[in-house]
Amino acid sequence: MRSLLESTVLLMSSWHQAKLLVEHSIQIDHDALHMIAGLVIWFTLCRLNSRNLLAWQPFVWTFAIAAWNEAVDLWVELWPDPGMQFGEGLKDLMMTISGPIIVIVAARLWPRIFNLPAHGRR
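For the sequence shown, the residue numbers in my numbering are 808 to 929.
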């Protein structure tokens with residue numbers, strides 16, 4: 808029987824390999840994939856939780872999922888320069904949440920274009 812640590816390592820490695828498969832099988836830039844994934848995850852969470860774009864819960868969960876994803880990368884990959892690896896992970900995290908942040912800011916500044924009530928009320 809596998810230990811919890813072995814199962815965790817196997818799960819993280821499998822997730823990482825699946826991401827590499829997607830990244831190398833389509834011709835979309837790595838950073839663009841992060842932005843697309845962040846928006847898809849965020850919109851999906853908004854829809855599943857019946858929340859509008861200004862609700863904080865879907866954004867927090869999107870951030871948590873993106874942070875977990877980057878933690879997997881830090882765990883599985885081993886770069887010769889830790890500074891470069893952590894910098895790349897931080898950039899990936901920022902790219903993933905930048906799409907939702909842009910939409911949230913736009914929805915707060917111009918609620919009418921999103922057909923939302925003014926001042927973030929639901």
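Even glycine gets a Cβ: it sits at the ideal position worked out from N, Cα and C. The model shown is predicted, which means the values in this text are computed figures rather than measured ones.
Distance between beta carbons of residue j and residue i, contact taken as under 8 Å
i	j	result
Met842	Trp882	Their Cβ separation, rounded to whole angstroms, is 23 Å, which puts Met842 and Trp882 out of contact at 8 Å.
Leu860	Val912	About 11 Å; that fails the 8 Å criterion.
Ile904	Ala878	So it is not a contact: roughly 15 Å between Cβ atoms.
Inter-residue Cα distance where the pair is residue i and residue j
i	j	result
Met901	Asn876	12 Å
Asn922	Ala844	24 Å
Ala871	Arg858	17 Å
Gly896	Asp880	8 Å
Asp888	Trp917	43 Å
Arg854	Pro907	14 Å
Val829	Leu885	20 Å
Met891	Trp863	31 Å
Leu811	Lys826	23 Å
Ile833	Phe850	22 Å
Trp822	Val816	10 Å
Phe893	Ile848	23 Å
Ser814	Asp836	31 Å
Beta-carbon spacing of residue i, residue j below 7 Å
i	j	result
Leu852	Trp868	yes
Simplified DSSP assignment, three categories, for residue i
i	result
Leu885	coil
Leu861	coil
Asn922	coil
Trp875	helix
Trp868	helix
Start and end residues, alpha helix (DSSP H) containing residue i
i	result
Ala839	His837 to Leu855
Trp822	Leu811 to Ser832
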